[in-house]
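The structure appears below as structure tokens.
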Amino acid sequence: MSDPLTILTLTPIGVGLLLLILPQLLPGNLASSIRKFSRNVSFGVSMALFAFATYLSFTTFGGIDWLGINMGEYELMNNEPVTLISSIGVSWIVGVDALSLPMVWLTALLIPLSMLVEWDAKEGHIFHPLILVMEGALLGVFVVLDLFVFYIFWEMTLIPMFFLILVWGGEDRKYASMKFFIYTFTASVIMLVGILIMYFHTGDVSGVSGTLTHHHFSLVEMNTEMIQSEGLRHLVWILLLIGFATKMPSVPVHTWLPDAHVQAPTAGSMLLAGVMLKMGAYGFLRVAVSLFPESTVVFTPILIFLGMASLVYGAWVCMGQTNLKRMVAYSSVSHMGLIFLGIATMQPLGIAGALFMMFAHGIISPLLFAVAGAFKHHYHTLEIGSMRGIAHHSPYLAAHMMLGWMGSLGLPLLAGFVAEVAILIAFWMSFGWLVLLPALTLIITAVYYLTSMQKTIFESNDRHHGILPESLHDEEPRDITWNENTSMFILGILTIVFGILPFIFFDMMSDWSTEFVREVLLNHLIEQGVKP
Amino acid sequence: MNLPINSSEAELIIPELIMLFGLVAIILIPNLGKANFRIPLTRIHVPVFIGGSRFKSTNNPKLPNQISLIIFISALFFGLIQNSYGAIGETLEVTQFSRLFSLIFIAALLLATIATTHRLPARVNVKPPNDNDSENISIKKIDALIDNRRQVDFHIILIMVGLGMSLMSMATHLFMLFVCIELASLSSYILVAFHKESKIGGEAGMKYFIVGSVASAVGIYGMSLLYLWSGDLSLDALAMKWSESESVDPLAGIAVGLMLVAFGFKVGAAPFHLAAPDAYSGASSPVAGLLATASKAMGFVALMRILVSVTMPIEGEAFWYTAIAVIAVVTMTWGNLAALTSSNPKRMLAYSSVSHAGYMLAGLAAIGSGLGSEEAIELVLTAIVFHLAVLVIFKFGAFLVLSLLETEGRSHRLEDLHGLARRDPLVAGSMFLFMLSLAGVPPLSGFLSKFLMINGIVNISAGTGSSDASSVIDWLTSVEPVFWLAFAIVINSALSMFYYLRIGLVMFFEEPEDSRTLKDAFSLRLAIVVCAILTVIVGIGPLSDWLLEMVAEAINSFVSN
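Encoded structure:
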């Protein structure tokens, strides 16, 4: 177990748990000195992991040639399977491809940034190690290719997040954390049934299969034909969809998200929006679409419906929001809808767009939540209408806010634009004029961002002072602190960089999706009479 | 001299012999003293050592506890290293299956003994109250004296429970099985009522005893009917007779049904579970833990013997399939719904243990459907036994935490858990792990066992759906109803999340009512931490593999029998 991905996954969990547990077991002096350093250690470890992930992304796995943009192979990179529970066939198999690599890099990036934003969180000796544990769990979801272990990591992400919301959250944190946990837990248990049905249709492969059951969980060894009954294939697909769509979240099951976001601490929101929502889309592509392409093609209308509903409903609800975090949360729902639409196009371009949307949204939405968190931190409110003229009092905050909102509404040359355009073009190629609906929704997005921008950043009755919210109690508002500023600055720069140079990841993604459509989906598309 | 058993047989039951001789020892040793017997009409005093003023060492009130610790630890040790199997006489047989269950029972009893060290403490230097003491102090002194006096009683009964349960797992004769169950049950009724000076303890014991004895009586009636029918109560003969008869004889059917009442009471299946929450909340936590783990395991051994090895037909569904399936679903749902509304942590754990019984009964029902291949049936049995084994770790772990709280006289209200994380993070963290494991969150051992259960049921049933169904509805209508048992478990797991999380929530979130640090009970704390660690490492990795293999072997020996 010494391959880079294993190190990347297990180090943060190990270090995080050690930092959490050691002070409980050691005598007082030693414990308090560990507590003193655990914040710095966590940050150091996460930075080291980020450096490591960057190194892996751009050399070993990516092999980017900055002039020719010539990418390497996108096959799954397997290590030798290491058996974990031999009797039921659980092994440790890790690998990445163009689907998961950007997510791995994104996770490694967001963890130190979110730690930085909440550098002064109370009880930092627990807060920062918890985020570190979270990092391990998130990375595990993206690199593990054994469904049992995948499920374990999938659920493991819940526990640190539960505590982040519960202990460091807002006023209604108890309700929000319970709702978050129970919603996603229920959905994933339903998903588990789907996984089990798949498990029982796997063959006996020596090396990975269980000695007791003669089945295995290895995704690498599974294939699309393993389940004979078409109805059962559809059923499994739907069970998986319930699990993944709740995590994304898609419209009928999205209600945990706004609550969780509003109550979560800034770092929690950033990770929730940046990476945890992507787990849903990732899992959907990795498991449901890859192994049940036929069902995906048959149920394309469901995907379109879910995507449209999320997109339109999310955007529509956004317009009515006065709470900054709630608005961003619903905009996330809306953007996740676009991902479903991108997948539903079954076009290389659409899927690549969806992948890039996952990545771009993973940079922009943490920026938005960092901004909202800083706003809450310095102005003690999240109400959009409660103040005017932030630009006057906190120019840095205002600048980051602008950039984030512009990125989110899809301004050209920013990262979100590339993804939106790719998805819309593919959508037009597949479904023709139906594209008007998502396209028009993007206008709604622009409307709500621009109005709130006007309300908070600029508009001011008094040219020099603006209106300050009551919650400030006549204090002089301050601008954001250095740590918040650094973190947002990095995210902002990346938004611009990936807007201008999307091909850093986009080429890799589109190659992957071309391959994916050709290998996995094409036959079924033709079978169903869809013009590919 | 003609011994009732020879040495090779004795070797098989070393753990039980240890308990038996320990029982004698624990009765004798505390009574050793400087007693003399004067031979009549002479002045010769012959020392007899029994009675009289006791020696200093035997007068120590901590002694019974230490003896019982030594007994259980050595029994556990010898049970683990033993690997010879065979029959003893006509009615007992040591197999991997019975050995595994002996270990489960002994492990649970060991944990109970450790917890009792602090829950029912013996104090060496306590003096009788004198006139200068205030009322409070004299009450405390009297309590301590009573606690000292009844140390022996408690541990004698504890060892008797162990002996009864351990022998019961080896019984191959229905009569022996019943006698052993009664030995363990009667002892456990006393344990429940052990704190008779508190109103709630006496009431709980009484209730538990009355309901339990009625259930036993019904079971014995069933057994007598079965005897009428077959004329032989050994399990092999019953199984033989059963497989010979073409259809289920009404007499035998009724007999088995009546016996299910008795065993259903032991496992806490609805609707026979109603006394359980009262018993758990009235008993001290170590005893409640014992009821939730060892006593339940005992019930399941009996159920498995009757349902799987005797009445399971070679082909087709068993006659009890529908009944058990319905009971399973009702049990798990009822348990979870009731747990949702209870605010006493012990009642909540009692109901959670009822719902866990429901999950395991669902496994039995899946076997009863007769759809599974031999391999699939073994898988489900493995899941059930594995669940019973790991329950000792995390369910008893939770009761250990409650025992620790009980040493301050609390743990009957949810409020007593408030702010535990602030008072003692390690214990609160362990408790949270236990709760997550009970709820079945990966990668904890509770997940693995629940996973195996769903796994087994899906395995048995998913193949039954029509393979040419082209739509979801077609497939769902063609699949056997057993498939829905898996869904019942899934939905119930989600339901149970609420109350398990609530415990975690109040521990980490609410302000403690009393901010003193918890009592420094080293051995109990150690046991809690060991349980917490085991909860994690039995969930995934080599240790889980080891346990699974052990369980699989046990099931092999059970099925081949």
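Each protein sequence line maps, in turn, to chains H and V.
Position 340, counted from 1, in the first sequence is what my numbering calls 340; the numbers after and before it change by one each time, with no gaps.
Every number in my numbering is 1000 more than the matching position in the second sequence, counting from 1.
Ideal placement from N, C-alpha and C gives every residue a C-beta, glycine not left out.
Check this for me: beta carbons of residue i and residue j, under 8 Å apart or not?
{"i": "G314 of chain H", "j": "I364 of chain H", "result": "no"}
{"i": "M1298 of chain V", "j": "M1507 of chain V", "result": "no"}
{"i": "G1429 of chain V", "j": "C1531 of chain V", "result": "no"}
{"i": "M161 of chain H", "j": "M178 of chain H", "result": "no"}
{"i": "W1229 of chain V", "j": "G231 of chain H", "result": "no"}
{"i": "A370 of chain H", "j": "S487 of chain H", "result": "yes"}
{"i": "V435 of chain H", "j": "M279 of chain H", "result": "no"}
{"i": "G362 of chain H", "j": "V117 of chain H", "result": "no"}
{"i": "V94 of chain H", "j": "V144 of chain H", "result": "yes"}
{"i": "A1215 of chain V", "j": "F1154 of chain V", "result": "no"}
{"i": "L84 of chain H", "j": "I1454 of chain V", "result": "no"}
{"i": "M358 of chain H", "j": "M156 of chain H", "result": "no"}
{"i": "P265 of chain H", "j": "A121 of chain H", "result": "yes"}
Starting from residue i, trace the alpha helix (DSSP H) both ways and give me its first and last residue.
{"i": "E1510 of chain V", "result": "It is not in any alpha helix (DSSP H) - E1510 of chain V carries neither H nor E in the DSSP assignment."}
{"i": "G1201 of chain V", "result": "1199-1230"}
{"i": "H533 of chain H", "result": "Nothing about residue 533 of chain H can be read from this structure; chain H reaches only from 1 to 532."}
{"i": "N485 of chain H", "result": "482-500"}
{"i": "F181 of chain H", "result": "173-199"}
{"i": "L338 of chain H", "result": "324-344"}
{"i": "L1032 of chain V", "result": "Taken as a continuous stretch (DSSP letters only), L1032 of chain V belongs to no alpha helix (DSSP H), as it is neither H nor E."}
{"i": "I1384 of chain V", "result": "1374-1406"}
Work out the CA separation of residue j and residue i for me, nearest whole Å.
{"i": "I64 of chain H", "j": "L1404 of chain V", "result": "Here the model assigns I64 of chain H a pLDDT of 46, short of 50, so the residue's position is not dependable, and the following value carries that caveat. Going by the C-alpha atoms only, they are around 59 Å apart."}
{"i": "V1211 of chain V", "j": "A1204 of chain V", "result": "11 Å"}
{"i": "S331 of chain H", "j": "A1112 of chain V", "result": "54 Å"}
{"i": "I69 of chain H", "j": "F427 of chain H", "result": "Because I69 of chain H carries a pLDDT of 33, less than 50, the predicted location of this residue cannot be relied on, and the following value inherits that uncertainty. Whole-angstrom Cα-Cα distance: 27 Å."}
{"i": "V447 of chain H", "j": "A137 of chain H", "result": "37 Å"}
{"i": "L8 of chain H", "j": "A53 of chain H", "result": "8 Å"}
{"i": "A1010 of chain V", "j": "L1017 of chain V", "result": "8 Å"}
{"i": "L413 of chain H", "j": "T345 of chain H", "result": "24 Å"}
{"i": "L1028 of chain V", "j": "I1146 of chain V", "result": "20 Å"}
{"i": "G194 of chain H", "j": "M222 of chain H", "result": "14 Å"}
{"i": "S1284 of chain V", "j": "R1502 of chain V", "result": "23 Å"}
{"i": "V1401 of chain V", "j": "I1220 of chain V", "result": "37 Å"}
{"i": "E1315 of chain V", "j": "G1370 of chain V", "result": "6 Å"}
{"i": "M327 of chain H", "j": "I457 of chain H", "result": "16 Å"}
{"i": "R1054 of chain V", "j": "F1300 of chain V", "result": "44 Å"}
{"i": "G169 of chain H", "j": "A288 of chain H", "result": "34 Å"}
{"i": "H214 of chain H", "j": "D204 of chain H", "result": "5 Å"}
The beta strand (DSSP E) with residue i in it runs from where to where?
{"i": "S91 of chain H", "result": "90-92"}
{"i": "L1092 of chain V", "result": "1092-1094"}
{"i": "G1086 of chain V", "result": "1086-1088"}
{"i": "L84 of chain H", "result": "82-85"}
{"i": "D518 of chain H", "result": "In the sequence as displayed, the identity of residue 518 of chain H is Arg instead of Asp. It is not in any beta strand (DSSP E) - R518 of chain H carries neither H nor E in the DSSP assignment."}
{"i": "F58 of chain H", "result": "First-last for F58 of chain H: undefined, no H or E at that position."}
{"i": "H1045 of chain V", "result": "1045-1047"}
{"i": "N1036 of chain V", "result": "1036-1038"}
May I ask you to list the residues that DSSP assigns as paired with residue i?
{"i": "R1525 of chain V", "result": "In DSSP, R1525 of chain V forms no bridge with anything."}
{"i": "H1173 of chain V", "result": "V:S1234"}
{"i": "R1054 of chain V", "result": "V:G1033"}
{"i": "D146 of chain H", "result": "H:S218"}
Near-chain H residues of the stretch 1506-1537 of chain V (beta-carbon distance less than 8 Å), N- to C-terminal order: F1508, F1509
Chain V contacts from the stretch 185-200 of chain H (Cβ-Cβ distance under 8 Å): F185, T186, V189, I190, L192, V193, L196, I197, Y199, F200
If contact means a Cβ-Cβ distance below 7 Å, which residues of the stretch 1536-1553 of chain V contact chain H? I1540, G1541, S1544, D1545, L1548, E1549, A1552
Could you list the residues in the stretch 169-183 of chain H with a C-beta less than 7 Å from some C-beta on chain V, going in chain order? K174, M178, F181, I182
Contact set between the stretch 230-249 of chain H and chain V, restricted to residues whose Cβ is under 7 Å from the partner: E230, G231, L232, H234, L235, I238
Compile a chain-ordered list of the residues in the stretch 133-166 of chain H whose CB is closer than 9 Å to at least one CB of chain V. F148, V149, Y151, I152, F153, W154, E155, M156, L158, I159, F162, F163, L166
Anything in the stretch 13-28 of chain H with a Cβ closer than 9 Å to a Cβ of chain V? List those residues in chain order, please. L20, I21, P23, Q24, L25
Give the residues from the stretch 80-100 of chain H that approach chain V closer than 9 Å (Cβ to any Cβ), ordered along the chain. T83, L84, I85, S86, S87, I88, V90
Residues within the stretch 1329-1341 of chain V neighbouring chain H, beta-carbon criterion of under 8 Å: none
What residues in the stretch 200-220 of chain H have a beta carbon less than 9 Å from any beta carbon of chain V? F200, H201, T211, L212, T213, H214, H215
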